[in-house]
Amino acid sequence: MAAAGVAASSGNGHDSFFHTSFYDIGKKLKACNDTLGELQQLGVSHDVQLPELVLVGDQSAGKSSLMSGLANLELPRSEGTCTRCPLHIRVSRNSDWSCRVWLRKEYTYRPPNRPISEKDVTEQDPFFPWRKMGSTKVHEFKTMQEKSEIEEVLRWAQIAILNDDKPHSLFVPGSGAIAMNKDIDKAAEETFAKFSPNVVALEIKGPALPDLSFYDMPGVFTNPADAKDQYLVNVVQNLSRTYIKHPLPNIKLNVKSHLDRIVRSLAALPELPHNVELEIQTCLNHFADSSRTRIDEFAARINDVPANFRDCLLEIKPKFVLRDKSDIEVLEVSDDESDVGSMANFGQATPTSKRRSMMMHGTPSKRMRSDLTSHHVAPSPNTIKPEDTGGGSDVASQPLASQPHQTLLAEPFSEFSKIGRGFRTLRQVQDEIQAKMKAGMPNIIPPEVYNDLAMESIRPWNGPTDAFLAHIVERLQGELESALDNSLQSLKKRFIYTEAKRHLKACLKEHHAVTRKALEELYGDETERLMTFNEGALKQCIREEEDVLFRFRHQMRMQGAGFAVKPLPPWESLTEEKQAQDVKRRQVEEARLKPDQFIREVKVVAYVRGYYRLAALRYADAASQRIICRMIPAIRRQLRNYLDTKLGVQGPDAMSVYERLMAEDAATAQRRDTLKSEKQKFELALASIETLEQGASAASEPQVDGSFSVVPMAAGRNPRRGSDVTMVNDDAECEA
Numbered sequence: 001m002a003a004a005g006v007a008a009s010s011g012n013g014h015d016s017f018f019h020t021s022f023y024d025i026g027k028k029l030k031a032c033n034d035t036l037g038e039l040q041q042l043g044v045s046h047d048v049q050l051p052e053l054v055l056v057g058d059q060s061a062g063k064s065s066l067m068s069g070l071a072n073l074e075l076p077r078s079e080g081t082c083t084r085c086p087l088h089i090r091v092s093r094n095s096d097w098s099c100r101v102w103l104r105k106e107y108t109y110r111p112p113n114r115p116i117s118e119k120d121v122t123e124q125d126p127f128f129p130w131r132k133m134g135s136t137k138v139h140e141f142k143t144m145q146e147k148s149e150i151e152e153v154l155r156w157a158q159i160a161i162l163n164d165d166k167p168h169s170l171f172v173p174g175s176g177a178i179a180m181n182k183d184i185d186k187a188a189e190e191t192f193a194k195f196s197p198n199v200v201a202l203e204i205k206g207p208a209l210p211d212l213s214f215y216d217m218p219g220v221f222t223n224p225a226d227a228k229d230q231y232l233v234n235v236v237q238n239l240s241r242t243y244i245k246h247p248l249p250n251i252k253l254n255v256k257s258h259l260d261r262i263v264r265s266l267a268a269l270p271e272l273p274h275n276v277e278l279e280i281q282t283c284l285n286h287f288a289d290s291s292r293t294r295i296d297e298f299a300a301r302i303n304d305v306p307a308n309f310r311d312c313l314l315e316i317k318p319k320f321v322l323r324d325k326s327d328i329e330v331l332e333v334s335d336d337e338s339d340v341g342s343m344a345n346f347g348q349a350t351p352t353s354k355r356r357s358m359m360m361h362g363t364p365s366k367r368m369r370s371d372l373t374s375h376h377v378a379p380s381p382n383t384i385k386p387e388d389t390g391g392g393s394d395v396a397s398q399p400l401a402s403q404p405h406q407t408l409l410a411e412p413f414s415e416f417s418k419i420g421r422g423f424r425t426l427r428q429v430q431d432e433i434q435a436k437m438k439a440g441m442p443n444i445i446p447p448e449v450y451n452d453l454a455m456e457s458i459r460p461w462n463g464p465t466d467a468f469l470a471h472i473v474e475r476l477q478g479e480l481e482s483a484l485d486n487s488l489q490s491l492k493k494r495f496i497y498t499e500a501k502r503h504l505k506a507c508l509k510e511h512h513a514v515t516r517k518a519l520e521e522l523y524g525d526e527t528e529r530l531m532t533f534n535e536g537a538l539k540q541c542i543r544e545e546e547d548v549l550f551r552f553r554h555q556m557r558m559q560g561a562g563f564a565v566k567p568l569p570p571w572e573s574l575t576e577e578k579q580a581q582d583v584k585r586r587q588v589e590e591a592r593l594k595p596d597q598f599i600r601e602v603k604v605v606a607y608v609r610g611y612y613r614l615a616a617l618r619y620a621d622a623a624s625q626r627i628i629c630r631m632i633p634a635i636r637r638q639l640r641n642y643l644d645t646k647l648g649v650q651g652p653d654a655m656s657v658y659e660r661l662m663a664e665d666a667a668t669a670q671r672r673d674t675l676k677s678e679k680q681k682f683e684l685a686l687a688s689i690e691t692l693e694q695g696a697s698a699a700s701e702p703q704v705d706g707s708f709s710v711v712p713m714a715a716g717r718n719p720r721r722g723s724d725v726t727m728v729n730d731d732a733e734c735e736a
């Protein structure tokens with residue numbers, strides 16, 4: 001009052017000082033409150049903390065009365081109605097009176113199928129069973145022009161908040177089905193939840209209203225009306241504690257930070273191009289050119305796989321055992337040497353001196369055999385070089401020769417390495433000839449013997465053939481998918497990328513099926529019967545096999561007879577002169593051996609292996625030709641048209657197809673919409689803050705009459721940053 005009196009009696013300069021200063025203070029307070037109210041209604045408080053005035057007190061302590069007095073309003077004071085959820089009230093001056101009510105939802109109600117206990121309310125779940133949602137949802141409830149409506153609307157708004165399982169529109173007075181057909185007191189008693197952390201927000205404008213923004217919290221209590229609701233004591237306390245502890249933030253900095261993050265996220269999700277057709281056709285044309293280049297390069301460097309396929313077929317050739325137990329010479333000894341068996345194993349030690357002396361004095365025939373055995377030695381384990389490494393045949397169960405070296409096949413053929421091993425023994429071939437020989441036609445080998453053995457050796461080709469084709473298609477698919485990734489790099493988030501990739505796989509799958517059927521026909525031809533008209537090539541293959549097999553067979557017989565033998569170098573590594581010398585050496589050594597009873601069988605084996613080799617080379621070339629010369633060029637020619645047809649871009653409804661192909665997956669589209677909404681919200685928030693700052697800057701400049709304006713301290717610069725202001729109406733006490 002004294003100040004007022006002084007102001008009234010002062011001169012013109014002093015007369016305007018107090019009036020202007022306090023007027024500016026009030027004006028800036030209103031601007032700050034308006035800005036805070038706008039930020040609240042935008043929902044940025046979910047990401048940015050805003051200053052808050054919070055009213056906390058016991059239940060029925062008069063908080064609503066205090067709030068009504070502060071806001072100069074008549075608010076509902078019914079017991080248990082206004083205290084069951086936070087109530088955010090913002091009042092400001094305006095020429096016309098109006099009131100708008102919003103429901104601001106940050107939590108959803110998810111009660112368990114059991115009674116709720118105090119233990120359920122934890123630091124992690126302070127409002128159990130209310131669970132926080134990913135984003136804040138703001139629903140406008142109702143706008144009023146009459147003060148008499150505010151109590152009813154506010155009560156129904158809180159009932160709507162507490163019935164989280166129902167649409168809020170059902171509770172709007174005058175239009176909602178529940179609000180129109182149910183008594184409000186009964187509806188308040190039958191709410192789904194008894195308390196809620198979600199907020200009922202009121203924006204009230206009118207003449208002579210103060211510029212305030214504050215929260216009225218549910219009343220704190222210790223003894224619930226129902227003992228089973230004891231957990232609500234902690235929920236309400238946590239709710240008040242949460243609002244009290246909110247820190248004072250640097251609002252503008254936080255808003256700009258969130259806006260920058262949203263802009264960066266949107267930049268990673270580019271908008272739909274203006275010319276959708278041009279964008280898609282450009283990418284598809286680029287893929288068509290790139291795929292043709294990739295296919296040409298692939299076909300040019302694919303030589304290793306057909307070569308490995310050929311080597312696999314040659315490696316799994318039928319391998320016959322050329323050693324027979326009859327190859328072991330019988331050693332006759334004198335009758336008085338009963339302690340020595342009549343069968344001498346070629347791996348046995350040389351006879352003792354006593355026995356050699358007795359043999360020397362025996363009959364001439366015995367001496368001759370004794371002279372022959374005088375050159376016997378026990379061969380070393382590496383005496384014989386097996387077929388796999390030296391060009392001869394495999395030997396199963398070789399006690400004195402090294403086990404055959406297993407050739408490692410290149411992928412994807414390594415799993416077939418063991419095919420062909422131990423195909424037949426000479427004794428088994430002999431038995432098969434005898435079984436199929438026609439009665440009364442001795443010494444004539446039936447054609448069925450050659451055909452059946454050859455067909456049996458060829459049947460395993462289907463496995464390597466499937467692996468060959470699958471490997472080619474797999475590698476080609478990798479090349480084309482890489483080209484697709486590069487060509488559609490900018491459209492990877494669009495539906496066309498997944499569709500094009502799916503149709504690319506389908507195209508290759510179709511060509512794989514067609515080619516596999518063609519290869520099955522080739523395989524069927526080879527396994528139908530033994531047939532070739534290339535007589536010269538067959539004779540050469542048979543002759544080469546005979547050279548190798550008879551040479552190795554001779555080695556087995558020499559070893560079985562007990563003679564010292566040397567490892568055989570590969571036949572193909574010998575010069576013609578060396579080969580001729582090897583033949584002469586064997587002819588000389590043959591005179592020292594008994595006649596071979598398996599000559600006929602070795603010739604059958606040579607024929608079967610010779611035909612196998614000829615057929616394998618023929619089949620490997622035909623299969624490779626079918627893949628490289630037919631399948632791959634067909635893919636190259638047809639891929640672009642195939643994609644256009646399957647994507648539907650050549651049909652009459654092409655424009656709608658283009659739009660569909662440019663659609664995003666549901667998750668990306670939803671994320672873009674969310675980011676756009678958030679961006680708009682934070683842009684409005686930043687504009688509101690900057691408008692406030694511009695007004696404050698203008699008001700702080702010196703006036704012409706020498707007066708000045710007082711500018712409120714900006715949020716985030718208040719030295720009292722410990723907590724929000726809390727007004728406790730019980731004792732008329734204010735805590736900072």
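Under the working numbering, residues 1 to 736 are what the sequence shown spells out, in order. Cβ atoms here follow ideal geometry from the backbone N, Cα and C, with glycine treated the same way.
Report the rounded CA-to-CA distance for residue i versus residue j, giving the unit in angstroms.
| i | j | result |
| --- | --- | --- |
| residue 708 | residue 672 | Residue confidence for residue 708 is low, a pLDDT of 37 falling below 50, so the modelled location carries little weight; the figure read from the coordinates is stated next. So the alpha carbons of these two residues sit roughly 48 Å apart. |
| residue 233 | residue 223 | 7 Å |
| residue 553 | residue 463 | 31 Å |
| residue 472 | residue 640 | 20 Å |
| residue 128 | residue 162 | 14 Å |
| residue 256 | residue 304 | 60 Å |
| residue 528 | residue 540 | 23 Å |
| residue 106 | residue 483 | 46 Å |
| residue 244 | residue 54 | 7 Å |
| residue 410 | residue 314 | 13 Å |
| residue 387 | residue 433 | Reliability of the predicted coordinates at residue 387 is poor, the pLDDT of 45 falling under 50, and the value obtained from them is presented with this limitation in mind. About 24 Å. |
| residue 644 | residue 626 | 26 Å |
| residue 287 | residue 177 | 58 Å |
| residue 502 | residue 571 | 54 Å |
| residue 710 | residue 213 | With a pLDDT of only 36 at residue 710, under the threshold of 50, the placement of this residue in the model should not be trusted, and no figure is reported. |
| residue 506 | residue 467 | 19 Å |
| residue 415 | residue 580 | 39 Å |
| residue 548 | residue 436 | 27 Å |
| residue 402 | residue 458 | Caution is warranted here: a pLDDT of 40 is assigned to residue 402, below 50, making its placement in the model unreliable, and the coordinate value is therefore given only provisionally. Approximately 28 Å between the Cα atoms of the pair. |
| residue 325 | residue 590 | 18 Å |
| residue 165 | residue 637 | 59 Å |
Output yes or no for whether 8 Å exceeds the beta carbon distance between residue i and residue j.
| i | j | result |
| --- | --- | --- |
| residue 738 | residue 188 | No answer is possible for residue 738: it lies beyond the span of the chain, which begins at 1 and ends at 736. |
| residue 461 | residue 526 | yes |
| residue 269 | residue 509 | no |
| residue 614 | residue 534 | yes |
| residue 537 | residue 309 | no |
| residue 585 | residue 551 | no |
| residue 170 | residue 686 | no |
| residue 695 | residue 157 | no |
Is any beta-carbon of chain C found at less than 8 Å from that of residue i?
| i | result |
| --- | --- |
| residue 252 | The structure shown has no chain C; it contains just one protein chain. |
For residue i, name the three-state secondary structure that DSSP assigns.
| i | result |
| --- | --- |
| residue 102 | strand |
| residue 225 | coil |
| residue 130 | strand |
| residue 316 | coil |
| residue 48 | coil |
| residue 258 | helix |
| residue 53 | strand |
| residue 200 | strand |
Please name the residue or residues paired with residue i in a DSSP beta bridge.
| i | result |
| --- | --- |
| residue 601 | Residue 601 is not bridged to any residue. |
| residue 206 | 93 |
| residue 577 | None, per the DSSP bridge assignment. |
Check the C-beta distance from residue i over to residue j and give it rounded, since I have them as a contact under 8 Å.
| i | j | result |
| --- | --- | --- |
| residue 38 | residue 688 | 5 Å |
| residue 593 | residue 561 | 6 Å |
| residue 200 | residue 85 | 6 Å |
| residue 202 | residue 44 | That pair is no contact at about 19 Å. |
| residue 601 | residue 430 | 5 Å |
| residue 239 | residue 218 | 6 Å |
| residue 121 | residue 236 | Not quite, the Cβ-Cβ distance comes to about 10 Å (not below 8 Å), so this is no contact. |
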